[in-house]
Structures are given as structure tokens and as C-alpha cells.
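Have a look at the structure below before the remarks.
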Amino acid sequence: MSVPTWRRELSKADYMYQTYRLNVRIGEMVVNGPKKYRENYGDHLIKTCLQTLEESQIANSVYVSKNTDRADYEVRRMALRRMIGRVHNISTSFKLYKDLIKKCDGQDPIKLRDEEQEVGERCAYIVSLIKGIIESDKKKLKGIK
């Protein structure tokens, strides 16, 4: 018997899926944006998104329990911390990218604003998920040295 969607808990790996979705969306926006910004800003955004996804896979490869080795926990924690930094960079770089398009190319300001808001909200959500994972890991390892 399946569980109704409204009763399901958030997956512990949702941060990975949300990072994947952010990659897809940023890729779509860059490909559909002006070509003159793609080589610098667009490529940077895509590479940073891919690095963030890679960090999520590294972090997810470590299962945290009371028996987790401290070194493995640190690998996971550092990957998650790097993810947070990269997600913040994606948000900032995307804002800069869209500001340049708005200023120099005269594209629809409402569409640009909506895209900025979408990416900003996605990034904030991913960061909140990652922080939740970090806190959950700390609770699991409480008292372990």
C-alpha cells in the first residue's frame, strides 16, 4: 500500500534531487540566453552547478550512523559545507548574469525578475536542506569523538 503524498516525509537525499533540478534549470536558462555572456558567465554557472552536484554525490556516499568513522563524517561534512558555498555562488553569479542581460540587452524585465526569483528561491531551499542534513548528522554523532 502506498503512502499518500501529503503524509510522506521529505527524503534525506532531496538535496541531491533539488541540486540536479537546479542544474537542469540553469542549463536551460543559459542555453536560451544571449550567446555573448555564455562563454564567461554561463559556463561558470554551469560548471559551478555541476561541481555542486558532484559534492552532493560525495556527501551522499557516506552513511552517517553511530558507527560512522570520524574521518568519513568529516568528508561528508566538508562536502556539504562546500555545497553551501557553491550554491551561494550560483545565486550571486546568476543575479550578476541577469543584471548584465537586463542592462545591456533590453530583454523583458519581468521575465528576468521571475528567473532571478526562481533561482534565488531554489538556492535558498537547497541551502536549508543541506543545513538540515548537517544538523541531523550532528545529532546522530553526538558524543562520538
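Counted from 1, the sequence shown has number 14 at position 20 by the numbering used here; the numbering is strictly sequential. All C-beta atoms in this analysis are idealised placements derived from N, C-alpha and C, irrespective of residue type, glycine included. Values in this document were obtained by computation on a predicted structure and should not be read as measured data.
Which residues bound the alpha helix (DSSP H) around residue i?
i	result
Gln111	103 to 134
Based on Cα-Cα distance, which residue from the options lies nearest to residue i?
i	options	result
Leu94	Tyr35, Arg80, Lys136, Ser130	Tyr35
Ile84	Leu74, Ala73, Gly114	Gly114
Tyr31	Asp131, Lys132, Cys117, Leu90	Leu90
Ala118	Ser130, Val81, Ser87	Val81
Ala73	Ile128, Leu16, Lys133, Gln101	Ile128
Thr42	Val24, Val58, Lys97	Val24
Gln45	Asn17, Val121, Asp63, Lys60	Asn17
Ser122	Leu39, Asn26, Ile78	Ile78
Gly100	Gly27, Ile40, Lys133	Gly27
Arg19	His38, Glu112, Glu48	Glu112
Asp131	Lys97, Arg64, Lys96	Arg64
Ile120	Lys133, Arg75, Leu135, Lys136	Arg75
Glu110	Phe88, Ser50, Val58, Tyr14	Phe88
For a test of your reading of the model: does the CB of residue i fall under 6 Å from any non-hydrogen atom of the ligand ATP? Yes or no.
i	result
Gly36	For the structure depicted, the ligand ATP is absent and the ligand set is empty, with no information on it obtainable.
Inset, instruction - Any chance you could list the alpha helix (DSSP H) runs of at least 4 consecutive residues sitting entirely within the segment 39 to 63, in chain order? - result: none
Inset, instruction - Would you check if there are 3 or more beta carbon pairs closer than 8 Å linking the segment 50 to 68 to the segment 9 to 16? - result: yes
Inset, instruction - Specify whether the segment 93 to 113 and the segment 63 to 81 touch according to this definition: at least 3 beta carbon pairs, one from each stretch, less than 8 Å apart. - result: no
Inset, instruction - Go through the segment 3 to 38 residue by residue and report every complete run of the alpha helix (DSSP H) that reaches 4 residues or more, in order. - result: Counting whole runs of 4 or more residues, the segment 3 to 38 contains the alpha helix (DSSP H) stretches 8 to 25.
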